[in-house]
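Chains as they are written, first to last, in the numbering used here: chain A, 84 to 735; chain B, 12 to 149.
Right, dumping it as structure tokens:
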């Protein structure tokens, strides 16, 4: 019964999306028509119904209803409740339902709250939102029905892959989906504004919170994913330029560019067509990411959908939306005026530079990710990895970071370098000094040395906009920018430091013997077997002494899971403010010796602290903007009231 | 990323059949042992990070527990120790396993767009910026 209720709600939601599309589209011709008033209620109901369907699926997983195919295939009655619930989106159908639900709820929110835009633009936006939604409803209902019943209930569920039973993985898909879906809303706004040709500051203010929100979630998702790979893989790498990683990085790059151009549009009514274009590109990257990870084109744990029909379906949606939007852009872009003008040395000028560089970086990541897939279709296998992405990306990243350190100091519209020459000189001097210092310190790779110097200069530069201001009166959004830019400097410092200063030690030691890595002396105290609920392990007890000072106890393991049979290495970390000791125990090396893999990674944690700071900066900006919007709304309401009051007072 | 983890594990187990034969042999001596000379070890490390573990996906041989990655690390270290140039070792591996083994694509008939397109992007970027700002300056 529960499953049937869910399915019915899903069909109804799809029907309402169709109604929303028709109402929104017809109202473009006849604004006063009765249909026009239907789009908003349809969007709100659609969100509620999709939410209801998702709750029904959660319910089925919570009670482990084994007559439902999805539950029987992916769950187990003896699983802890949190993983039963998280298992709802730990599979293809459930994760697509989550996507649709988040998207429908986002549509409800804009239908309910967004009143700044001209009604016609809103109608077009809701129609675009419904159009995107319909594709996903069709995908779910026609080829991935999550509520399908089994002819006969299963006796017991097949269980969830033990690797997916991790608290991080319970939150990983929703985090990225919030990011992807936030960009779909930005896309709908862009299409709506493109259809009506009404692109201006109001449009930018309506779109901005969605871009910011999406960007915060993507930032957190990427940061968490990177840390997870770092400690789980057992070799200390934190970024592999793996296609799945790139699939989340590309929307982030596009969203970062969009975030900055939408700010220019909101503040200065400039960069209109460019902002619309980026809105289209950002969502395209989300769709591409979904396609890459979900179509089975990459063999991966993300590719639940190995069924080629499903991959084709997503590819068709990708082509339809992206192609359609680009066509629309091509037809309509001419009607969108370019907006206000500005000079090279202005805030806008710096932001345009940032946008062009980000787009180029995005182009390179896209190329490096898709090119091997493309050549594979012609039976030529090539690998594109760090030796390609790092230097080629740096061509655009380095100028961008340098401009980023000084851009926020420039005034809008027009400014002169002479006005900011003091902070400019300070930042340049610090960068030069830092560069000189690392060159003297040792023989490191050029990119690492430049990274360290730029990180230090950028860290100082990011606080320059606060110079000479009363800190209590600095707007929250400005704090957001400062924190996010500083966070990027921190992350960059961590990356460069890890690359330049990491020390590795592979050693085969007997019990009681020590190995040296960086400032640490690591002693193998004992090796013993230990057992967990579904694994046995060899555990090495290590005591690590930092330069004769404090001692840390580390207990790395090699685990053997028995159902299904898997061997994993559980690395352990000793974290200090200035870096991490990373320890792994390997196999027995004969003559009573054990393999130890040890790394000392100075300041490696800064990578993820930086990522969190960047997200925090985004959050501050979001809070600041929303508060500003609310104030503006109150002021407008007060003005209207005063006007009405005057009208009543005035003699006829 | 999750995937990288799974693949790492798959590397260990997916190979169970081959591995069971291989694991009965001890790993090659230099698979888990560093070279004495730090400069040589650093050169080997730099090279290993740019070679693909053929049994895994998206991992270098410096990041993998797969027996084959271990064998390749042994090859790299012993050849570096014998005084071979890193690029010569790469060429030898490419000859044996194909372009796929190297993460550093070189310009060839099949890979030239990887280098031409970034150049094009650079030119386009400069062009866009120049166009934009020259018009404003007027």
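Glycine residues also receive a C-beta, built at the ideal position from the N, C-alpha and C atoms.
Interface partners of residue i on chain B, CB under 8 angstroms
i             : result
residue 466/A : 63, 110, 111, 112, 113, 114 and 116
residue 148/A : None at all; the shortest Cβ gap to chain B is about 27 angstroms.
residue 478/A : 129 and 133
residue 652/A : 76
residue 462/A : Residues of chain B passing the Cβ test: none, with the nearest at roughly 10 angstroms.
CB of residue i within 8 angstroms of CB of residue j, strictly
i             : j             : result
residue 134/A : residue 122/A : no
residue 569/A : residue 545/A : yes
residue 129/B : residue 500/A : no
residue 277/A : residue 359/A : yes
residue 652/A : residue 667/A : yes
residue 233/A : residue 178/A : no
residue 369/A : residue 434/A : no
residue 291/A : residue 199/A : no
residue 258/A : residue 192/A : no
residue 530/A : residue 445/A : no
residue 554/A : residue 299/A : no
residue 596/A : residue 611/A : no
residue 155/A : residue 240/A : yes
6 angstroms Cβ shell around residue i - same chain, five flanking residues per side excluded
i             : result
residue 97/B  : 54 and 58
residue 556/A : none
residue 90/A  : 230
residue 90/B  : 100
residue 588/A : 598, 600 and 681
residue 317/A : 652, 654 and 667
residue 310/A : 691
residue 699/A : 566
Within chain A, the residues that residue i reaches when beta carbons sit closer than 9 angstroms
i             : result
residue 125/B : 450, 451, 454, 465, 467, 471 and 475
Close beta carbons around residue i, own chain, < 8 angstroms, minus the five adjacent residues each side
i             : result
residue 113/B : 61, 62, 63, 101, 104 and 105
residue 136/B : none
residue 426/A : 432, 496, 497 and 498
residue 217/A : 97, 100, 101 and 104
residue 707/A : 558, 559, 560, 561, 562 and 563
residue 353/A : 347, 421, 422, 423, 424, 425 and 431
residue 139/A : 85, 86, 88, 89, 92 and 230
residue 94/A  : 224
residue 550/A : 506
Sheet register partners of residue i (DSSP bridge)
i             : result
residue 590/A : 679/A
residue 606/A : 597/A and 626/A
residue 665/A : 656/A and 682/A
residue 618/A : 644/A
residue 636/A : 626/A
residue 309/A : DSSP, once it has assigned bridges, lists no residue as partnering residue 309/A.
residue 422/A : 353/A
residue 236/A : Residue 236/A pairs with nothing; no bridge assigned.
residue 611/A : 622/A
residue 319/A : Answer is none; residue 319/A lacks a bridge partner.
residue 650/A : 643/A
Contact set between residue i and chain B, taken where Cβ atoms lie within less than 9 angstroms
i             : result
residue 443/A : 129, 132, 133, 135 and 136
residue 447/A : 128, 129 and 132
residue 113/A : Neighbours of residue 113/A on chain B: none; closest Cβ ~40 angstroms, over 9 angstroms.
residue 615/A : Near residue 615/A there are no residues of chain B at all, since even the closest Cβ is about 16 angstroms away, more than 9 angstroms.
Proximal residues of chain A, C-beta to C-beta of residue i below 8 angstroms
i             : result
residue 143/B : 435
residue 140/B : 435, 436 and 439
Listed by chain order, chain B residues near residue i by CB distance under 7 angstroms
i             : result
residue 589/A : 43, 44 and 45
residue 458/A : 121
residue 745/A : Any property of residue 745/A remains undetermined from this structure, which presents chain A solely from 84 to 735.
residue 320/A : 74
Residues near residue i by beta carbon distance below 7 angstroms, same chain, minus five either side
i             : result
residue 138/B : none
residue 396/A : 222 and 226
residue 517/A : 535, 536, 539 and 540
residue 332/A : 305 and 448
residue 692/A : 573
residue 32/B  : In this prediction, residue 32/B scores a pLDDT of 43, lower than 50, which makes its location untrustworthy; the coordinate-derived value is nonetheless stated afterwards. Same-chain partners within the cutoff: there are none.
residue 487/A : 437, 541 and 568
Proximal chain A residues relative to residue i, where beta-carbon distance stays under 7 angstroms
i            : result
residue 51/B : Ordered by position in chain A, no residue passes the 7 angstroms Cβ test against residue 51/B, which lies about 14 angstroms from the chain.
Residue i beta carbon near the ligand GTP (any heavy atom closer than 7 angstroms)
i             : result
residue 514/A : Although the ligand GTP was asked about, the structure shown includes no ligands whatsoever.
Problem - Near-chain A residues of the stretch 76–110 of chain B - C-beta to any C-beta below 9 angstroms - result: 76, 109 and 110
Practice task
With 9 angstroms as the limit, tell me which residues of the stretch 676–692 of chain A have their beta carbon closer than that to any beta carbon of chain B; keep them in chain order.
Solution key: 678 and 680
Exercise for the section: Scan the stretch 166–179 of chain A for residues whose Cβ lies nearer than 7 angstroms to a Cβ of chain B and list them as they occur along the chain. Expected result: none
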